[in-house]
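J.:
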């Protein structure tokens with residue numbers, strides 16, 4: 005079952021952490037682990053229609069860049085990596101930068117609600133998801149509408 009979940013993580017990044025956590029216990033699973041795997045499947049079942057549908061004739065843009073230098077520092081052989089995501093052309097929604105093996109590390113967290121980046125970084129309730137989709141100028145399609153679109157594009 006965990007193998008199937010690992011396959012699904014390619015298109016459902018919201019389950020990556022939970023799935024990888026369960027994968028650590030594949031060699032010797034307990035009832036507790038099976039319960040967690042079943043919970044992931046229930047989450048998938050309940051959120052099957054929650055997704056973003058990008059039509060080909062819209063001007064919607066999602067641009068992402070990432071880079072790493074793989075032991076680029078000649079003195080310490082440490083790596084530096086980073087990434088950035090833009091939504092709609094010029095709206096920065098997320099960024100990251102990391103240098104391997106720092107001796108002192110600090111982190112900061114800001115609690116926010118209803119950020120457009122939440123669509124890509126958090127598991128959301130259906131109400132929050134629909135609100136953010138509307139803010140993007142998109143719409144949620146019913147399973148019937150998705151079927152019609154799939155038939156038209158085939």
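In the numbering used here, the protein residues as written are 5 to 158.
Cβ coordinates follow ideal geometry from the N, Cα and C atoms, glycine included.
Being a predicted model, the structure only gives us computed values, none of them experimental.
#1: Looking at the secondary structure, which residues open and close the beta strand (DSSP E) in which residue 4 lies?
#2: So is residue 41 buried or exposed if we call it buried at 16+ other beta carbons inside 10 Å?
#3: Roughly how many angstroms lie between the CA atoms of residue 63 and residue 7, to the nearest whole one?
#4: So, at 6 Å on beta carbons, what are the nonlocal neighbours of residue 33 in its own chain, with the 5 sequence-adjacent residues on each side left out?
#5: Please report how far the alpha carbon of residue 9 lies from the alpha carbon of residue 141, in whole angstroms.
#6: Which value, in whole angstroms, describes the spacing of the CA atoms of residue 147 and residue 82?
#7: On the criterion of 16 or more Cβ atoms from any shown chain inside 10 Å, does residue 67 qualify as buried, or is it exposed?
#8: Among 94, 72, 93, 134, whose alpha-carbon lies nearest the alpha-carbon of residue 85?
#9: Can you tell me whether residue 91 is buried or exposed, with buried defined as 16 or more other CB within 10 angstroms of its CB?
#10: Tell me which residues share the same chain as residue 25 and place their Cβ nearer than 8 Å to its Cβ, disregarding the 5 neighbours each side in the sequence.
#11: Report the start-end ranges of each alpha helix (DSSP H) in the segment 13 to 70 that is 4 residues or longer and not cut off at the edges.
#12: Taking residue 157 as part of the alpha helix (DSSP H), name the residues at either end of that continuous run.
#13: My understanding is that residue 93 touches residue 65, with C-beta atoms under 8 Å, so please give their C-beta distance in whole angstroms.
T.: In terms of the structure at hand:
#1: Outside the displayed range of the chain (5 to 158) lies residue 4, so it cannot be described from this structure.
#2: One-based indexing of the chain shown puts residue 41 at position 37. With 16 or more Cβ atoms within 10 Å of its Cβ, residue 41 is classed as buried.
#3: Looking up residue 63 in the chain shown gives position 59. Looking up residue 7 in the chain shown gives position 3. Looking at the two C-alpha atoms, the distance is approximately 37 Å.
#4: Working through the chain shown from its first residue, we reach residue 33 at position 29. The answer is none, since no qualifying residue turns up.
#5: Counting from one through the chain shown, the residue named residue 9 turns up at place 5. Counting from one through the chain shown, the residue named residue 141 turns up at place 137. Distance between the alpha carbons of residue 9 and residue 141 is about 31 Å.
#6: Within the chain shown, the letter at position 143 stands for residue 147. Within the chain shown, the letter at position 78 stands for residue 82. Taking the straight line joining both Cα atoms gives about 48 Å.
#7: Within the chain shown, numbered from 1, the residue matching residue 67 stands at position 63. By the 10 Å Cβ count, residue 67 comes out exposed.
#8: Against the chain shown, residue 85 aligns to sequence position 81. Per the Cα distances, 72.
#9: What you label residue 91 is simply residue 87 of the chain shown in a count that begins at 1. Answer is buried; the Cβ neighbour count reaches 16.
#10: Start at 1 with the first residue of the chain shown, and residue 25 comes out as number 21. Excluding sequence neighbours, residue 25 sits near 40.
#11: 20 to 27, 35 to 50
#12: Translated into the one-based positions of the chain shown, residue 157 becomes position 153. Looking at the DSSP string, the run of the alpha helix (DSSP H) that includes residue 157 is 147 to 157.
#13: The residue labelled residue 93 in the question sits at position 89 within the chain shown. The residue labelled residue 65 in the question sits at position 61 within the chain shown. Their Cβ separation, rounded to whole angstroms, is 5 Å, which keeps residue 93 and residue 65 in contact under 8 Å.
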